[in-house]
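**Q** Here the sequence shown stands for residues -15 to 282, numbered as in this note's numbering. Idealized CB from N, CA, C, for every residue including glycine. First the structure, then my questions, so here it is.
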Amino acid sequence: MILSFGSVNLDLIATVERLPRAGETVLGPGYRALPGGKGANQALAARRAGAEVELVGCVGRDAFAEPALSELAAAGVGLGHVVRHDAAPTGCALICVDPKGENQIAVALGANAELKAAHVPDGLLGPGTILLLQREVSAEESWALARRAVERGTRALLNLAPFGDVPADVLRALDWLVLNEGEAAELARAHGTGSDAAALAKALGIGIVTTLGAHGIAACRGAERWRVPALAITPVDTTGAGDAAVGAFAAALDRGLEPGEALRWASVAGALACLTPGAQSSLPTERDIRGALPRLRG
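Here it is in structure tokens:
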């Protein structure tokens, strides 16, 4: 089972002729309201990739809550541990997008800031669970949950997005850390291993997955090394690609696949997510991924 502990948002996306300057109002023809948040996105990605998934998140008792959870509910993600907060509103991302695809984003955390490690019952933790963490909710609560989960034999995967500091003991407790190439080099330098992610992985005793965009995915764990190319596509919208890769990777590991094959699932899922606009709407199904795997080079 996959347990995603993280953010749930409703994204309000306005198309404008140009991005506003400070103090300026720019008109646009309309907007879209779409579900988002990295915790929700990765939960849905793992579910569509074939895993049993529970989401622990926090929403308000407002009109945004149900739309924010709609895709998750339709896909069969377990929502029994989503907390309804009485005072804080559902998280919301306010996004302006110009004709070139450039954007300005402001995120109001709302109820996401109220999510606690204590909201996760011990019954969801154990050797049969993979815990998915990101950094769009309280870092301190995420680290507290990671420590508790690992003590109970849970495998933990952290997608370090947005990038930031992680306590050394939490890093060492992870099974897998997922981040992009620049972030991996920065973290390695911070831990005294130059810019070498492989050296960092060996020093920490964990697996590190480095996303490489159009160049695929690389990973290292101990003496093992993997490099998986990207699926050849013409991208339409890269929103959600990283979450698709993380969710598919976790789902493949949960299924018992070896890391090298799980990385192939991740690479394919991330590429397929670039073929459809939006975040959750673009996340591929298990059937989509299986069908595209033979097209992956190498």
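(1) With respect to the alpha helix (DSSP H) encompassing VAL134, which residues constitute its N-terminal and C-terminal limits?
(2) Given this structure, state the Cα-to-Cα distance separating LEU241 from VAL212, to the nearest angstrom.
(3) From this set, ARG279, SER265 and ASN164, which residue's C-alpha is nearest LEU56's C-alpha?
(4) Would ARG16 and ILE(-3) qualify as a contact pair, given that the criterion is a beta-carbon distance under 8 Å?
(5) Given this structure, state the Cα-to-Cα distance separating PRO105 from PHE(-11), to the nearest angstrom.
(6) Give me, in chain order, the residues of the same chain whose beta-carbon lies closer than 6 Å to that of GLY148; leave out the 5 immediate sequence neighbours on both sides.
(7) Going by CA-CA distance only, name the one from GLY166, GLU165 and ARG156 that's closest to GLY191.
(8) Once DSSP output is grouped into helix, strand and coil, what is the label at ILE273?
(9) What does the alpha-carbon distance come out to for the pair ARG281 and GLY200?
(10) Going by C-alpha to C-alpha distance, which of ALA263, ARG271, ALA250 and ALA95 sits closest to ALA232?
(11) Flag this pair as touching only if the segment 38 to 51 and the segment 94 to 114 have three or more C-beta atom pairs under 8 Å; answer yes or no.
(12) Specify whether the segment 129 to 148 and the segment -2 to 6 touch according to this definition: at least 3 beta carbon pairs, one from each stretch, less than 8 Å apart.
(13) Is LEU141 closer than 8 Å to ASP153 when the C-beta atoms are compared?
(14) DSSP three-state label for VAL230, please.
(15) What are the boundary residues of the beta strand (DSSP E) that GLN88 is part of?
(16) If distances are taken between C-alpha atoms only, which option among ALA235, ARG239, PRO243 and ALA253 comes closest to THR223?
(17) List the whole-angstrom C-beta distance separating GLY21 from GLY85, where the pair is believed to meet the contact cut-off of C-beta under 8 Å.
(18) What are the residues that DSSP puts in a beta bridge with HIS69?
(19) For ARG119, which three-state DSSP category applies?
(20) For LEU99 and CYS42, which I take to be in contact (beta-carbon distance under 8 Å), what is that distance rounded to the nearest angstrom?
(21) DSSP on ASP149, reduced to helix/strand/coil?
(22) Give every residue of the same chain whose Cβ lies closer than 7 Å to the Cβ of THR177, excluding the five residues on either side of it in the sequence, and list them in chain order.
(23) Under 8 Å between the Cβ atoms of VAL37 and ASN143?
(24) Note the first and the last residue of the continuous alpha helix (DSSP H) segment covering ASN25.
**A** From the atom records:
(1) As a working note, residue 134 is residue 150 in the sequence shown. That run of the alpha helix (DSSP H) goes 123 to 135.
(2) Along the sequence shown, read from residue 1 onward, the residue named residue 241 stands at position 257. Along the sequence shown, read from residue 1 onward, the residue named residue 212 stands at position 228. Each residue's alpha carbon lies about 15 Å from the other.
(3) Taking the sequence shown and counting its residues from 1, one reaches residue 56 at position 72. With distances taken between Cα atoms, LEU56 lies closest to SER265.
(4) Working through the sequence shown from its first residue, we reach residue 16 at position 32. Working through the sequence shown from its first residue, we reach residue -3 at position 13. For ARG16 and ILE(-3), yes; Cβs fall inside 8 Å.
(5) Working through the sequence shown from its first residue, we reach residue 105 at position 121. Working through the sequence shown from its first residue, we reach residue -11 at position 5. The alpha-carbon atoms of PRO105 and PHE(-11) are separated by roughly 12 Å.
(6) Residue 148 sits at position 164 when you count from the first residue of the sequence shown. The residues are ARG119.
(7) Residue numbering aside, residue 191 sits at position 207 when the sequence shown is read from its first letter. Comparing Cα positions, the closest option is ARG156.
(8) Here the question's residue 273 lines up with position 289 in the sequence shown. Reduced to three states, the DSSP call for ILE273 is helix.
(9) Here residue 281 corresponds to residue number 297 of the sequence shown, with the count starting at 1. Here residue 200 corresponds to residue number 216 of the sequence shown, with the count starting at 1. C-alpha separation (whole angstroms): 10 Å.
(10) Translated into positions along the sequence shown, residue 232 becomes position 248. Here the closest residue by C-alpha is ALA250.
(11) yes
(12) no
(13) Position 169 of the sequence shown holds residue 153. Position 157 of the sequence shown holds residue 141. For ASP153 and LEU141, no; Cβs fall outside 8 Å.
(14) Taking the first residue of the sequence shown as position 1, residue 230 is located at position 246. In the structure shown, VAL230 sits in a helix (DSSP, three-state: H, G or I).
(15) Along the sequence shown, one-based indexing puts residue 88 at 104. Run containing GLN88: 87 to 92, per the beta strand (DSSP E) assignment.
(16) Translated into the one-based positions of the sequence shown, residue 223 becomes position 239. Ranking ALA235, ARG239, PRO243 and ALA253 by Cα distance to THR223 puts ALA253 first.
(17) Counting from one through the sequence shown, the residue named residue 21 turns up at place 37. Counting from one through the sequence shown, the residue named residue 85 turns up at place 101. No, GLY21 and GLY85 are not in contact; Cβ-Cβ is about 21 Å, not under 8 Å.
(18) Position 85 of the sequence shown, counted from the start, is the residue given in the question as residue 69. Answer is GLY44.
(19) Against the sequence shown, residue 119 aligns to sequence position 135. Coil.
(20) Stepping through the sequence shown from its first residue, residue 99 is reached at position 115. Stepping through the sequence shown from its first residue, residue 42 is reached at position 58. About 4 Å; that satisfies the 8 Å criterion.
(21) Translated into positions along the sequence shown, residue 149 becomes position 165. Three-state DSSP puts ASP149 in coil, outside helix and strand.
(22) Position 193 of the sequence shown holds residue 177. So the qualifying residues of the chain are ALA183, LEU184 and ALA187.
(23) Position 53 of the sequence shown holds residue 37. Position 159 of the sequence shown holds residue 143. Against a cut-off of 8 Å, the Cβ pair of ASN143 and VAL37 comes out as no contact.
(24) For the purposes of this step, residue 25 is taken as residue 41 along the sequence shown, with counting starting at 1. Where ASN25 is concerned, the enclosing alpha helix (DSSP H) stretches over 22 to 32.
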